[in-house]
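Residue numbers (my numbering): -1 to 58. In this text, a Cβ means the ideal position worked out from N, Cα and C, and glycines have one as well. These notes concern the structure reproduced below.
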């Protein structure tokens, strides 16, 4: 999933994006993707989106 696709998915349904980790880990378990590792990456990306959103709102 590209970064922009992730951002769009987060904007559309933040709760659903948080659930992505389980599906990604299951789909790519053969590549040593752990649910915990994927959850950390999803949380990090959500944090980035929130930081950008806060910055943009501060400019108003």
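Can you find the residues in the same chain that come closer than 6 Å, C-beta to C-beta, to residue 31, ignoring five residues on each side of it along the sequence? Spatial neighbours of residue 31 in its own chain (CB-CB distance under 6 Å, excluding positions within 5 residues in sequence) are listed in chain order as 23.
Euclidean distance between Cα positions of residue 9 and residue 36: So the alpha carbons of these two residues sit roughly 19 Å apart.
Would you report the Cα separation of residue 5 and residue 29, rounded to the nearest angstrom? Residue 5 and residue 29: Cα-Cα distance of roughly 24 Å.
Under the assumption that residue 18 contacts residue 50 (Cβ atoms under 8 Å), give the Cβ distance between them as a whole number of angstroms. Residue 50 and residue 18 do not touch by the CB rule: their CB atoms are close to 19 Å apart, not below 8 Å.
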